[in-house]
Amino acid sequence: MRGHGKSILSVACGSYYNAVMTCQDHFTKFCSERYRYEKLLGEGASGRAMLVSCRQDNTQWVVKEIDVKGMLLDEVQNCLKEAKLLEALNHPNIIKFREIYQTKEQKLHIVMEYADSGTLASFIKEA
């Protein structure tokens, strides 16, 4: 896909690709203008989660970073399906989706609501 200027995400998600930002200049501007990195929340096999603050209103969000380089097409599609599902849901007990974008380094960033009460596992353990 390099010759056409498209990433694996553009192939994976078709029309939804319009919501995914790939230009390095836009990514740099997007990050510096919208979010301030606070801390790393955790890392796993598929990526990592970072706490960020919105520069506009100082609200806290989580950026779920997934490295899509080397992923199979169906794996990338599953990541995008997760984001689309989160976007469609609106319930007080479900984490809210804010936006999705892709970095030049082929990392998918899903920006979601920050649940500051801890993880579900820690909540169950304390109960």
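1 is the number of the first residue of the sequence shown in the numbering used here; add one for each residue after it. Just so it is clear, CB atoms sit at the ideal spot from N, CA and C, and this is done for glycine as well. Treat the numbers as computed from the prediction; the structure is a model and nothing was measured.
| Item | Value |
| --- | --- |
| Cβ shell of Gly47 (< 7 Å), same chain only, five flanking positions each side left out | Lys64, Glu65, Ile66 and Asp67 |
| Nearest-angstrom Cα separation, counted from Arg55 out to Glu75 | 32 Å |
| Cβ-based burial, Ala121 [other Cβ within 10 Å; buried from 16] | exposed |
| Run of the alpha helix (DSSP H) containing Asp116, from where it starts to where it stops | Counting along the chain, Asp116 falls outside any alpha helix (DSSP H), and DSSP gives it neither H nor E. |
| Simplified DSSP assignment, three categories, for Glu105 | coil |
| Integer-rounded CB distance, given that Glu113 should sit under 8 Å from Lys96 | 4 Å |
| Cβ-Cβ separation, Leu80 to Val62 (assumed contact under 8 Å), whole Å | So it is not a contact: roughly 18 Å between Cβ atoms. |
| Bridge partner(s) assigned by DSSP for Ser46 | Bridge partners of Ser46: none, in fact. |
| Given Ala45 as reference, the closest of Met71, Arg34 and Lys39 once Cα atoms are compared | Met71 |
| For Leu51 and Glu38, believed in contact at Cβ under 8 Å, the rounded distance | 4 Å |
| Opening and closing residue of the alpha helix (DSSP H) in which Ile124 lies | Leu120 to Glu126 |
| Cβ shell of Leu108 (< 6 Å), same chain only, five flanking positions each side left out | Ile66, Val68, Cys79 and Gln102 |
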